[in-house]
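Note sheet for the following structure.
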Amino acid sequence: MNATVSKLINQQINKEFYSAYLYLDFANYYDAAGLDGFSNWFRVQAQEERDHAMLFYTYLQNNGEPVTFEAIDKPAWTPGDRATPLHQALEHEKYVTSLINDIYAAAFEAHDFRTMQVLDWFVKEQGEEEKNASDLITKMELFGGDSKGLYMLNSELKARVYSAPSLVL
441 MNATVSKLIN
451 QQINKEFYSA
461 YLYLDFANYY
471 DAAGLDGFSN
481 WFRVQAQEER
491 DHAMLFYTYL
501 QNNGEPVTFE
511 AIDKPAWTPG
521 DRATPLHQAL
531 EHEKYVTSLI
541 NDIYAAAFEA
551 HDFRTMQVLD
561 WFVKEQGEEE
571 KNASDLITKM
581 ELFGGDSKGL
591 YMLNSELKAR
601 VYSAPSLVL
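Position 111 (the sequence shown) corresponds to 551 in my numbering; numbering is contiguous.
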């Protein structure tokens, strides 16, 4: 495997674990606000991010590449109103998309077609992540200002369950 591609994937593992920390911090925020459905949504999101990290970890391991773990930064965001974590999540997903695109570009340049094939799944996944985050903001804007609407939205988010990714490496 190309050294640059391996390095970027190693960095991505740590970025995915950071994403999980960030989303758990958002869950804490919503728990403190009494919005257990929003908290559940972000706990599920955190599990997805941990699994993304493990997919990259397994991919490197399966290709005989060393995995290097770095310190995971404390989540960096400033609480505001109830929609702040939702907007922060969308911006974070856009950032992660840019990181996946950087790895893809490096793999393309190195003619690492196997890595590009694996990254195709992550590219699609990031599109879904951005849409989900954007849709949640839209729902909050439509219903979050009304206590009954917020209650219903919170109930909807409480029903979200985790589904493990189905990527074969």
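Backbone N, C-alpha and C fix where the C-beta goes; we use that ideal spot for every residue, glycine too.
This one's a predicted model, so the numbers in the text were calculated from it and none came from an experiment.
Within the same chain, and ignoring the five residues on either side of Gln-501 in sequence, the residues whose Cβ sits closer than 7 Å to its Cβ are Val-507.
In the three-state reduction of the DSSP assignment, Ala-545 falls in the helix class, which pools H, G and I. DSSP places His-492 in the uninterrupted alpha helix (DSSP H) bounded by 476-502. Around the beta carbon of Thr-498, a 10 Å sphere encloses fewer than 16 other beta carbons of the protein chains shown; the residue is thus reported as exposed. When secondary structure is reduced to three states using DSSP, Thr-537 falls in the helix class.
In this structure, Leu-475 keeps its C-beta atom at 8 Å or more from the C-beta atom of Ala-546.
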